[in-house]
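Q: Sequences listed follow chains V and D, in order.
Just so you know, we're using my numbering here: the first sequence kicks off at 1 and counts up by one.
Just so you know, we're using my numbering here: the second sequence kicks off at 193 and counts up by one.
Glycine is no exception: its CB is placed at the ideal position from the N, C-alpha and C atoms.
Quick one: the structure is below, and I'll ask about it shortly.
There are 2 protein chains.
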Amino acid sequence: MTAQPFPVSEIVASRRPHRKDAARNYDALLAAAREAFAESGAEASLEDVARRAGVGIGTLYRNFPTRRHLFESVYAGEVDDLCKVAEEVADREPWTALTSWLRRFVDYTVTKRAIREALNDESEIFLACRESMYAAGGPLFERAQKAGEARADITFDDLLRMVAGITATNFLDDAQRDRVLSVALDGVRASR
Amino acid sequence: MTAQPFPVSEIVASRRPHRKDAARNYDALLAAAREAFAESGAEASLEDVARRAGVGIGTLYRNFPTRRHLFESVYAGEVDDLCKVAEEVADREPWTALTSWLRRFVDYTVTKRAIREALNDESEIFLACRESMYAAGGPLFERAQKAGEARADITFDDLLRMVAGITATNFLDDAQRDRVLSVALDGVRASR
DNA sequence: ACTCTAGCGGAGGCACACCTCCGCTTCAAC
DNA sequence: GTTGAAGCGGAGGTGTGCCTCCGCTAGAGT
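Here it is as structure tokens:
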């Protein structure tokens, strides 16, 4: 089973230039952007991204004409990773599989929150990512519902937003984040 | 019972100028800032705030030397309101009182998220607000715990962060937000 | 009414990010 | 090796927000 209908990253990868030096710069820019956004949030300066990547600002703009292009590319890569994890956990117990994936989803949300906010839902690529992610995680949730492990009166979308919300806030430490997440997930099981 | 040890707003109110016109400007600025922050987030331009208030930029800076001062003042006002609500609901059933207050807390978080993020925990006033708010809501939670309505293995801080997190994310509509919040609150009751 | 001082407004200097443009460099096809 | 074009970089124009400073205004005390 391939969890996603099509790998989102391919949509973006098609933009990767062919010439050797250009491709290297493209990759460096993506890596630098990932780093810069994680560190300074979505409003990190593009000039800074170029500097980190060791390329001129002109090169950045040639590859990513707008800030949005950069967001999309970074974001799509992350989503693609996440989809792969869904396949990896698919053979575990229903509830365990679901929560394992959700834990991974947490890491994803924590670092990528800023980007997701900036990418308001108009973007085509954003929609593709969304679809892709739901295709990957949704079955895990449905399986847990059918097994009577997860309550039936909520949707996968409800669940994801809940987890995303909880993990997006600041906590005193990781232990508290886990504790709170567990409490909320108990709510998801509560109707057993 | 006075829920808070001291009304936070007083700390800030002491900065309100005495002369009639000056006081009017001060109030206009606060209102304008509330509006601008709600609309454009924490990075709203201060020039825009002054314009909305119908005063010169110089007047803004005289009253609030830094962006942080403005944040603090707006924020403190909100917190103060919230504390008053805790008193109002105190005579209801333990669980009902708690959730009623939390619903109000939601409104507060939704609009004030941006400010709270910008106000990282160094600020003196932020700490006072925090204390004030905990003094107001904490007893509601403890009462629910003692009544066996809320699980005993989490803290009030855990609860608040959970609710804050959930309500800070975007939902399709208010119905979804409520649904998700209910699920999470079920988790808080789960150990009954 | 008079004064004197707290308060006002906004022009303007500074800093910084965005984005364009074009002369130079480097790849890769032949 | 030659050559043409794809790609490079960063100087510099533009816009925007921050904050200061100072001549003017109007409230408050007498």
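1) May I ask which residues mark the beginning and end of the alpha helix (DSSP H) holding Arg-381 (chain D)?
2) Does DSSP classify Asp-350 (chain D) as helix, strand or coil?
3) What I want to know is whether the C-beta of Leu-30 (chain V) ends up closer than 7 Å to one or more non-hydrogen atoms of the ligand NAD.
4) With a Cβ-Cβ cutoff of 8 Å, do Ala-76 (chain V) and Ile-125 (chain V) count as a contact?
5) Taking C-beta to C-beta, are Ile-249 (chain D) and Glu-264 (chain D) nearer than 8 Å?
6) So Phe-141 (chain V) packs on Leu-159 (chain V), CB below 8 Å; how close in whole Å?
7) Give me the subset of the stretch 360-373 of chain D whose CB atoms are less than 8 Å from a CB atom of chain V, sorted by chain position.
8) Under the assumption that Ala-36 (chain V) contacts Ala-44 (chain V) (Cβ atoms under 8 Å), give the Cβ distance between them as a whole number of angstroms.
9) Would you please verify whether the beta carbon of Asp-273 (chain D) is less than 8 Å from any beta carbon of chain V?
10) Would you decide whether Lys-20 (chain V) is buried or exposed? Buried here means 16 or more other CB atoms lie within 10 Å of its CB.
11) Please classify Thr-66 (chain V): does DSSP put it in a helix, a strand, or coil?
12) When the distance is taken between beta carbons, is Leu-29 (chain V) closer than 8 Å to Val-55 (chain V)?
13) What residue from V:Arg-130, V:Glu-131, V:Trp-95 has the CA that sits closest to Lys-146 (chain V)'s CA?
14) Once you ignore the five residues that flank Val-266 (chain D) on each side, which residues in its own chain have a CB closer than 7 Å to its CB?
15) Measuring CB to CB, does Ala-184 (chain V) end up less than 8 Å from Gly-233 (chain D)?
16) Hey, could you find the ends of the alpha helix (DSSP H) Ala-42 (chain V) is sitting in?
17) With distance defined between alpha-carbon atoms, name the residue in D:Glu-270, D:Ile-358, D:Phe-256 nearest to Ser-324 (chain D).
18) For the stretch 314-328 of chain D, which residues have a CB atom closer than 8 Å to at least one CB atom of chain V, in sequence order?
19) Out of V:Ser-182, V:Pro-65, V:Phe-171, point me to the one whose CA is closest to Asn-312 (chain D)'s CA.
20) Quick one: does Val-375 (chain D) have its CB under 8 Å from some CB of chain V?
21) Given that Ile-115 (chain V) touches chain D, what residues does it touch there, using C-beta distances under 7 Å?
22) Taking one C-beta from the stretch 80-89 of chain V and one from the stretch 59-67 of chain V each time, how about it: are there three or more such pairs within less than 8 Å?
23) Assuming Arg-130 (chain V) contacts Ala-168 (chain V) under a Cβ cut-off of 8 Å, what Cβ separation, rounded to an integer in Å, is found between them?
24) From which residue to which residue does the alpha helix (DSSP H) around Glu-131 (chain V) run?
25) Could you tell me the alpha carbon to alpha carbon distance between Glu-280 (chain D) and Gly-330 (chain D), rounded to whole angstroms?
26) Counting only beta-carbon atoms, is Ala-164 (chain V) nearer than 8 Å to chain D?
27) Between the beta-carbon of Val-85 (chain V) and the beta-carbon of Arg-104 (chain V), is there less than 8 Å?
28) Would you call the CB atoms of Val-163 (chain V) and Leu-98 (chain V) closer than 8 Å?
29) If contacts are defined as beta-carbon pairs under 8 Å, then Ile-346 (chain D) and Gly-165 (chain V) qualify, I think. What distance do you get, rounded to the angstrom?
30) Does the Cβ of Thr-109 (chain V) have 16 or more other Cβ atoms within 10 Å, making it buried, or fewer, making it exposed?
31) Mind checking Arg-353 (chain D): buried by the 16 CB within 10 Å criterion, or exposed?
32) Can you tell which of D:Arg-208, D:Arg-207, D:Ser-374, D:Ala-205 has the C-alpha that lies nearest to the C-alpha of Val-298 (chain D)?
33) Mind pulling the chain V residues with CB within less than 9 Å of Arg-353 (chain D)?
34) At a Cβ threshold of 8 Å, is Gly-379 (chain D) touching chain V?
35) Check the Cβ of Ile-346 (chain D) against every Cβ in chain V and list those closer than 8 Å, keeping chain order.
A: A quick look at the data gives this:
1) Element bounds for Arg-381 (chain D): 366-381.
2) Three-state DSSP puts Asp-350 (chain D) in a helix.
3) Ligands in the displayed structure: none, and consequently the ligand NAD is not present.
4) In contact: Ala-76 (chain V) and Ile-125 (chain V) (Cβ atoms closer than 8 Å).
5) 8 Å or more divides the Cβ of Ile-249 (chain D) from the Cβ of Glu-264 (chain D).
6) At roughly 6 Å, the Cβ-Cβ gap stays under 8 Å, so Phe-141 (chain V) and Leu-159 (chain V) are in contact.
7) Of all residues in the stretch 360-373 of chain D, Ala-360, Thr-361, Asn-362, Phe-363, Leu-364, Gln-368, Arg-371, Val-372 have a Cβ within less than 8 Å of some Cβ in chain V.
8) With a Cβ gap of about 4 Å, Ala-36 (chain V) and Ala-44 (chain V) count as contacting.
9) No - not a single Cβ of chain V is within 8 Å of the one on Asp-273 (chain D).
10) Classification for Lys-20 (chain V): exposed.
11) Note: Thr-66 (chain V) maps to coil in three-state DSSP.
12) Taking 8 Å as the Cβ cut-off, Val-55 (chain V) and Leu-29 (chain V) qualify as a contacting pair.
13) Of the candidates V:Arg-130, V:Glu-131, V:Trp-95, the one whose C-alpha sits nearest the C-alpha of Lys-146 (chain V) is V:Trp-95.
14) Cβ neighbours of Val-266 (chain D) beyond the five flanking positions: Leu-222, Ala-225, Arg-226, Phe-229, Ile-307.
15) Cβ distance not < 8 Å, so Ala-184 (chain V) and Gly-233 (chain D) don't count as in contact.
16) For Ala-42 (chain V), no alpha helix (DSSP H) run applies, since DSSP gives it neither H nor E.
17) Nearest to Ser-324 (chain D) by C-alpha distance, out of D:Glu-270, D:Ile-358, D:Phe-256, is D:Glu-270.
18) Within the stretch 314-328 of chain D, no residue qualifies.
19) Taking only the C-alpha atoms, the option nearest Asn-312 (chain D) is V:Phe-171.
20) At least one CB of chain V lies nearer than 8 Å to the CB of Val-375 (chain D).
21) The premise fails here: Ile-115 (chain V) is roughly 14 Å from chain D at the closest Cβ pair, so nothing lies under 7 Å.
22) They do not touch, by the three-pair rule.
23) That pair is no contact at about 17 Å.
24) Residues 124-146.
25) Rounded to whole angstroms, Glu-280 (chain D) to Gly-330 (chain D) spans 14 Å at the Cα level.
26) Yes, Ala-164 (chain V) lies at the interface with chain D (some Cβ there is under 8 Å from its Cβ).
27) Closer than 8 Å, so yes.
28) Contact check for Val-163 (chain V) against Leu-98 (chain V) fails: the beta carbons are separated by 8 Å or more.
29) 17 Å between Cβ atoms; not a contact.
30) That one is buried.
31) Within a 10 Å sphere around the beta-carbon of Arg-353 (chain D) sit 16 or more other beta-carbons, which makes this residue buried.
32) With respect to the C-alpha of Val-298 (chain D), the residue from D:Arg-208, D:Arg-207, D:Ser-374, D:Ala-205 having the closest C-alpha is D:Ser-374.
33) The answer, in chain order, is Ile-166, Thr-169, Asn-170, Phe-171, Leu-172, Gln-176, Arg-177, Val-180.
34) So yes, Gly-379 (chain D) belongs to the interface.
35) The answer, in chain order, is Arg-179, Val-180, Val-183.
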